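S.K.: Starting off with a structure, shown below.
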Amino acid sequence: MVDPFAGDFSPEDVRISKVPSFLPLGLGCILGGLLARKGSDQSNRSRIQGNGHGKALGGSWRSFTLCSREPHSYQRPKTAECHASNFRRMSAAPSRRRACEPCHVLKIKCDRTQEGCGRCIRLGINCAPAVRRLQRNRITELESQIENLTKALHHQARISKPKERQPQSDEIVAFLDARMTETSQRDALRVYSVSVVPRLPIVPVDAADYAELRRNKPILLLTVLAFATPNVLDSAVRNELVEKAMESLGLDLIGTGNVSIPHVQAALLACFWYRSTPKSAGHSTVEQLAQLATSVSIAMGLAGPGSAKFSITAIPDPDVLLRDGPRTWLGCFIATTAMALTTRRQDANVWTPYHEECLGYLRISPPATDRLFCLLVTITRLHFRTALSLGLHDASPMSIISDSAHRKQVSDLKAEIANWSAVALTAGSLELMFWHQIALVHLNEPVLYTLTNKSTFSAPYLPHQLAPDDFAAPPIVTDAHVAALHDLKDACHRALDIALDLGPAVILSLDSMSFIPRILSTLHVLLKMYIAVSGPGNTYSEAIDRSDLQVEYYLARMGVLSSELQAGDCASWNAMIISATDLLEQWFLTYNVDLQTINSARIESSANELTPPSGDDSLDVSTTTSWDSGQWGQLDDVAWLVPLPAEDSLLPASHW
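In terms of the UniProt record's numbering, the sequence shown opens at residue 1 and continues consecutively.
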């Protein structure tokens, strides 16, 4: 008897093997009959006889004896005898040659011998055996094994790397110990965890993590102590820590390229709570640190699919990637977006589906700081979407406030902001309430735009950006203008009230990249609104009175806050930013004096205006005065514009 799957077979004697026991008996008979009929071309009678020589797999196969005249019967084969019989049969029978490649492609029978098959010899083509095809599941299994081996190699290499980095880590620890006792380091870390983390938990480190930071993340410990511990360290010690932190970050991130998630977290801390020293001034800026953290995150694979090492990440502990990776990548998004909003430029770190995936992961994370962080990420994205939709970031022509398309955009964005606030304000956080009002300020800011003054709404928020001769004055003030003006005034007042109620201690602990600049920018917008309702030739005074803006009140409160910050920590970047209030107040006082002079001159000019001669319709322009933008530059030799002082305490424009 011959195996029908091994070569030619006789229709009179066909063995059917490999009939599984779980098939019904009738189905097994039908299957055997079909296979036997396929092999028979000379006889209509088929006899399928199973004699126990079929392959047995743990006794789970059955042999069937089918005959056209005899009733069918079956018996379980003896396992040992089956194995022995199969071995003898396979040893005695010649092995069948594999089909050649041309016949395999055409799916035809191949009679290949050592010289080749008849078809290839007849056609004069190369008769080579077909390459064995692996099944798809086998390929997938091999790919999975390769990926696991690759990850294991990276894991092993990563574990050995700290030995190479040990001298640098030991140097940082020794540097800290030489300047701060272990107790003072713990106390400073406790201040960070209590005062800073609950407000912006980009790097949620607790005081209990001190030993872990000291042993495995000394660069992160150094950066926390140097940048994000307000009003704790002596100024001389802090300057040394800042210089050492910047030197170590530059060496690892740019010099050796020996990077990790703690390095990116350290760069973000230095970016958000920026500080400069006399030696480090000009070496790096906030924008450079934000871009560096983002670039390193992409190179490490934290940016999701498509980034450098996403599929075979070199991070040894997957839990570290799951905990810190999404938060670090979203922290880079907040940093670059805050920079884009401050400078009114496009954001290179655009929102992607992977950002949404990271946000979804942190939303279900147990720590409460992660949920707070998600709310901050969401409102930051809403801020930038508002700026993008309303064209706040470019110098293109302004949108018309009363236009239906603009009003539809404002309505949709206002609904999204309201949905966010419904969730965020239940937390009772003053910082979240502040961000809610900032979103409304961005939403209504276009009511103050002209074709040429958009760029003056960006940082630095200093007097030369106020542009008193360039303000919105539409010939017809519609209901949309009136509503936007009142909404803008209310949002500015609420935002400033919330910020001023926080107190100097909290203000010093807030980040100097996103929160503190928004306080000054809100005051800046309020002053621009004051110009729009008081400047010569304005039309907005019909909708709102300048006294309703309460500019004097908020300038006075901001001045008090500035004095308190200077007394608390004059080297703090937050104190330096708020100190610009003094310049804005001086400008405001001078502006009001010049405005009174302009109005008096205008009244006098109107009283002395000559009547044209009778019969002559022309107007003698030599006897009239036009109070357009050029008139501003002719008053007291531009004494109304306060020159910028040269003191070092003024925030350098290069750091924006």
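Each residue gets a CB set at the ideal place from its N, CA and C atoms; glycine is no exception.
Model, not experiment: these values are computed from the prediction.
Just to confirm my understanding: we take L527, look at its own chain, exclude 5 residues before and 5 after, and list those with CB closer than 7 Å. What are they?
M.R.: Once the five neighbours on either side are set aside, the close Cβ partners of L527 are L466, V551, L584, F588.
S.K.: Around the C-beta of A556, are 16 or more other C-beta atoms found within 10 angstroms, so that it is buried, or is it exposed?
M.R.: A556 is exposed by the Cβ-count criterion.
S.K.: Considering Q265, what are the terminal residues of the alpha helix (DSSP H) in which it resides?
M.R.: That run of the alpha helix (DSSP H) goes 261-272.
S.K.: Using a Cβ-Cβ cut-off of 7 Å (strictly less than) and excluding sequence neighbours within five positions of R345, which residues of its own chain qualify?
M.R.: Answer for R345: H393, listed in chain order.
S.K.: Quick one, are the C-beta atoms of P262 and L220 less than 8 Å apart?
M.R.: Contact: yes.
S.K.: Which residue marks the beginning of the alpha helix (DSSP H) containing W435, and which one marks its end?
M.R.: Looking at the DSSP string, the run of the alpha helix (DSSP H) that includes W435 is 430-444.
S.K.: Excluding the 5 residues flanking L200 on each side, which residues of the same chain have their C-beta closer than 6 Å to its C-beta?
M.R.: If we look at L200 and ignore the five residues flanking it on each side, its Cβ neighbours are D511.
S.K.: How would you label S144, buried or exposed, when you count the other beta carbons within 10 angstroms and need 16 or more for buried?
M.R.: Flag for S144 reads exposed.
S.K.: For the pair the region 442-457 and the region 468-475, tell me if three or more CB-CB distances fall below 8 Å.
M.R.: These segments touch.
S.K.: Looking at the unbroken alpha helix (DSSP H) that takes in K528, where does it start and where does it end?
M.R.: From DSSP, the alpha helix (DSSP H) with K528 extends over 515-534.
S.K.: Check for me: the alpha helix (DSSP H) holding R215 runs from which residue to which?
M.R.: It spans 210-216 - the alpha helix (DSSP H) in which R215 sits, taken as one unbroken run.
S.K.: Exposed or buried, G301, counting other C-beta atoms within 10 Å across all chains shown (16 or more means buried)?
M.R.: Its Cβ being crowded by 16 or more others within 10 Å, G301 is buried.
S.K.: CB-CB under 7 Å to D187, same chain, minus the five flanking residues each way: which ones, in chain order?
M.R.: Nothing meets the Cβ criterion.
S.K.: Under the DSSP definition of a beta bridge, which residues are partnered with C100?
M.R.: According to DSSP, C100 bridges with P129.
S.K.: Using CA atoms only, rank isn't needed, just tell me which of A483, L341, T522, E357 is closest to H493.
M.R.: For H493, the nearest C-alpha among the options comes from T522.
S.K.: Quick one: residues in its chain with C-beta nearer than 6 Å to the C-beta of P652, no 5 flanking neighbours on either side, listed in chain order?
M.R.: Note that P652 has pLDDT 37, beneath the 50 cutoff, so the model's placement of it is unreliable and no number is given.
S.K.: Any idea what DSSP makes of I177, helix, strand or coil?
M.R.: According to the sequence displayed, residue 177 carries Asp and not Ile. It is helical.
S.K.: D324 by DSSP, collapsed to three states: which one?
M.R.: Reduced to three states, the DSSP call for D324 is helix.
S.K.: Quick one: Cα of V191 to Cα of S562, how far?
M.R.: Taking the straight line joining both Cα atoms gives about 22 Å.
S.K.: How is the alpha helix (DSSP H) around K109 delimited, first residue to last?
M.R.: From DSSP, K109 is part of no alpha helix (DSSP H); its letter is neither H nor E.
S.K.: Just the C-alpha distance for V350 and F333, rounded to the nearest angstrom, thanks.
M.R.: Each residue's Cα considered, the two are about 8 Å apart.
S.K.: Does DSSP put N592 in a helix, a strand or coil?
M.R.: The answer is helix: DSSP assigns N592 an H, G or I state.
S.K.: Assign Y449 to one of three DSSP states: helix, strand, or coil.
M.R.: Coil, per DSSP.
S.K.: From which residue to which residue does the alpha helix (DSSP H) around D490 run?
M.R.: D490 -> alpha helix (DSSP H) spans 479-502.
S.K.: Which residues in the same chain as G568 place their Cβ atom closer than 8 Å to its Cβ, once the five residues preceding and following it in sequence are excluded?
M.R.: So the qualifying residues of the chain are N231, P504, A505, L508, A575.
S.K.: Specify the secondary structure class of F333 as computed by DSSP and reduced to three states.
M.R.: The answer is helix: DSSP assigns F333 an H, G or I state.
S.K.: How do the region 536-554 and the region 481-496 stand: do at least 3 beta-carbon pairs fall below 8 Å, yes or no?
M.R.: As far as the Cβ criterion goes, the region 536-554 touches the region 481-496, which means the pair count is three or higher.
S.K.: So, using beta-carbon positions, are C103 and G116 closer together than 8 Å?
M.R.: Contact flag unset, no.
S.K.: Using 10 angstroms around the beta-carbon of C570, count the other beta-carbons present and answer buried if the total reaches 16, otherwise exposed.
M.R.: That one is exposed.
S.K.: What's the gap between the Cα of S193 and the Cα of F227?
M.R.: Whole-angstrom Cα-Cα distance: 13 Å.
S.K.: Using only the alpha-carbon positions, how far apart do S311 and I298 sit?
M.R.: Residue placement at S311 is flagged as unreliable, the pLDDT there being 41, under the threshold of 50; a coordinate-derived value is accordingly withheld.
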